[in-house]
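Enquirer:
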Amino acid sequence: MGDIHGHQRRLELAFHRLERALITEEDRALIKDFVHYKTAAQSIGLLRQDKYLRSLMLIAERYLDGRTYASLTREDVMEIVSNIERSGMSGWTKHDYRVILKAFMIWLGKEKEVVWIKTSKPRKLPDEILNEGEISRLIDSARSLRDKAFVACLYEGGFRISEIGGLRMKDVDFDRYGAIAMVEGKTGMRRVRLIWSTPYLSQWLEAHPQREDRLAPVWIKKDGKALGYPALREQLREIAKRAGIKKKVNPHNFRHSRSTHLASRLTESQMEEYLGWVQGSRMPSIYVHMSGRDLDGDLLKMYGLEDKRDDEPIKLKMQECPHCRTVNTAGARICINCRKPLAVDEVLDLEARSKEFLLDMMDSLAKNPEKVAQFKAFFKTE
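In our numbering, each residue's number is its place in the sequence shown (first place is 1) plus 67.
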């Protein structure tokens, strides 16, 4: 799996930036020690190391006003947190600053000064979640087999961007039911079953310029190099613009949306396994709550209404080939595997066109006897 984010390089730049930061030498040393401690004691990844380092450095530059972290009083911390909350930063950035500041101060032995800081996560509103109709529009608006496959797989697999972005050809296998992707995430290696997105993925891998190279990245640029995170994110923005979707269309919102949709159909343990959460994670219960799975069912029963949600068909359609059982996209007319028509009317249409072609050819031969001799000579040479 590749480092599509460039986390290693970004962390190196953060350490260089720390050396030039306008903060006290005491804080510079403490920030380094804290990041090294978290890495050794808790095995935090490159992304988290970078987040801790940059956040503590920026807080010191913007809000300490010459003070040191070790000298901060409870009142000082309240002033700093208030200034962070009044800033124009996003809700998630403010949340990260609160969490990191609190953890750092506790590590410094100043728990009393920060025990009051709330670290609850901001919640996405339901109207920010991408629905299945919007996913279909995004796929339709993608202009290449690669981009259609990426959008479809990103949604169905509920992948973290580092998981899907780091896929190589050897990580994907197909069977009679669809595809299986082996990805490496926060909880280690896991197997992700893909069904609905398989036709898109199959078509892209068949056209992949490096399809014979098992170590080649699945998502590549025209020059054959792997697409990095910035390029993948920008591609999603362009597709969303063409589709006319105003919601946030970024990699994480695909995972968030898929988690919400799965919560009404899978158990919490199944969600942990499929989405790569640690056993006992709070995340499944959060998404079950957002989906309204338990509450809606009980309310319907209270009013004597039957809950038919489990009988509702999934909006993202697919069709199985009646000849070879291969899964195809909803709008496909010819099977991507056996190349036979998928629908009865398509078979009849093909037969009608074939009959019309033969009649036209026979009529042409009847009117031009010299062509009969040419045909005989042609087939004789064959």
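For each residue, glycine too, the CB sits at the ideal point set by N, CA and C.
Candidates V239, N435, S352: which alpha carbon is nearest A216's?
Expert: Position 149 of the sequence shown, counted from the first residue, corresponds to residue 216. Of the candidates V239, N435, S352, the one whose C-alpha sits nearest the C-alpha of A216 is V239.
Enquirer: With DSSP collapsed to three states, give me the class of F217.
Expert: Here residue 217 is taken as the residue at index 150 of the sequence shown, counted from 1. Helix.
Enquirer: On the three-state DSSP scale, how would you describe T135?
Expert: Position 68 of the sequence shown, counted from the first residue, corresponds to residue 135. If DSSP states are grouped into helix, strand and coil, T135 belongs with coil.
Enquirer: First and last residue of the alpha helix (DSSP H) that includes R121?
Expert: Residue numbering aside, residue 121 sits at position 54 when the sequence shown is read from its first letter. From DSSP, the alpha helix (DSSP H) with R121 extends over 113–130.
Enquirer: Report the option in T91, L205, I173 whose CA atom is closest to the CA atom of A307.
Expert: Indexing the sequence shown from 1 puts residue 307 at position 240. Taking only the C-alpha atoms, the option nearest A307 is L205.
Enquirer: For a cutoff of 7 Å on Cβ pairs, would you count I151 as touching chain B?
Expert: In the structure shown, chain B does not exist; there is a single protein chain.
Enquirer: Would you mind reading off the limits of the beta strand (DSSP E) that contains L261?
Expert: Counting from 1 along the sequence shown, the entry for residue 261 is found at position 194. Unbroken beta strand (DSSP E) run through L261: 255–261.
Enquirer: Below 8 Å, how does it come out for the segment 294–309 and the segment 251–262: are there three or more Cβ pairs, yes or no?
Expert: No, they do not touch.
Enquirer: Within its chain, find whatever has a CB closer than 8 Å to the CB of K118; leave out the 5 residues flanking it on each side and keep chain order.
Expert: Taking the sequence shown and counting its residues from 1, the one referred to as residue 118 is at position 51. Result list for K118: D163, I167, in chain order.
Enquirer: Just how far apart, CA to CA, sit I202 and Y222?
Expert: Indexing the sequence shown from 1 puts residue 202 at position 135. Indexing the sequence shown from 1 puts residue 222 at position 155. Rounded to the nearest angstrom, the two C-alpha atoms are 8 Å apart.
Enquirer: Which value, in whole angstroms, describes the spacing of the CA atoms of R420 and R325?
Expert: Start at 1 with the first residue of the sequence shown, and residue 420 comes out as number 353. Start at 1 with the first residue of the sequence shown, and residue 325 comes out as number 258. Cα-Cα distance, rounded: 43 Å.
Enquirer: Is the beta carbon of A14 less than 7 Å from the beta carbon of M124?
Expert: There is simply no residue 14 to check, as the chain begins at 68 and stops at 449 in what is shown.
Enquirer: Using C-beta distances below 8 Å, list every residue in its chain close to R294, excluding the 5 sequence neighbours before and after it, in chain order.
Expert: Counting from one through the sequence shown, the residue named residue 294 turns up at place 227. A small fix is needed here, since residue 294 is Leu in this sequence, not Arg. The residues are I71, G232, P284, W286, I287, K288, Q302.
Enquirer: Suppose contacts are defined by Cβ-Cβ distances below 7 Å. Is E93 in contact with T135 by that definition?
Expert: Position 26 of the sequence shown, counted from the first residue, corresponds to residue 93. Position 68 of the sequence shown, counted from the first residue, corresponds to residue 135. Closer than 7 Å, so yes.
Enquirer: Any idea what DSSP makes of D378, helix, strand or coil?
Expert: Residue mapping note: residue 378 aligns to position 311 of the sequence shown, counting from 1. Unreliable placement is indicated for D378, whose pLDDT of 48 sits below 50; no coordinate value is reported for it.
Enquirer: Could you check if L342 is buried or exposed, using at least 16 other CB atoms within 10 Å of its CB as the buried criterion?
Expert: As a first step, residue 342 must be located in the sequence shown, where it is residue number 275. Buried is the call here.
Enquirer: Which class does M428 belong to by DSSP, given the choice of helix, strand or coil?
Expert: Counted from its first residue, the sequence shown places residue 428 at position 361. Correct three-state label for M428: helix.
Enquirer: Just to check, is the beta-carbon of M172 closer than 6 Å to a non-hydrogen atom of the ligand SAH?
Expert: For the ligand SAH, the structure offers nothing, since it holds no ligand at all.
Enquirer: Compare the Cα-Cα distances from V144 to each of L113, K185, Q109, Y104 and report the closest residue.
Expert: Your numbering for residue 144 matches position 77 in the sequence shown. Nearest of L113, K185, Q109, Y104 to V144, Cα basis: K185.
Enquirer: For T160, which of helix, strand or coil comes out of DSSP?
Expert: Here residue 160 refers to the residue found at position 93 when the sequence shown is read from its first residue. If DSSP states are grouped into helix, strand and coil, T160 belongs with the helices.
Enquirer: Assess contact between the segment 148–159 and the segment 97–110, defined as three or more Cβ pairs (one per stretch) separated by less than 8 Å. Is contact present?
Expert: No, the segment 148–159 is not in contact with the segment 97–110.
Enquirer: Rounded to the nearest angstrom, what separates G133 and E340 at their Cα positions?
Expert: Residue 133 sits at position 66 when you count from the first residue of the sequence shown. Residue 340 sits at position 273 when you count from the first residue of the sequence shown. G133 and E340: Cα-Cα distance of roughly 48 Å.
Enquirer: Drop a sphere of 10 angstroms on the beta-carbon of R322, count the other beta-carbons inside from all chains shown, and report buried for 16 or more, exposed for fewer.
Expert: As a first step, residue 322 is located in the sequence shown; it is residue number 255 there, counting from the start. That one is buried.
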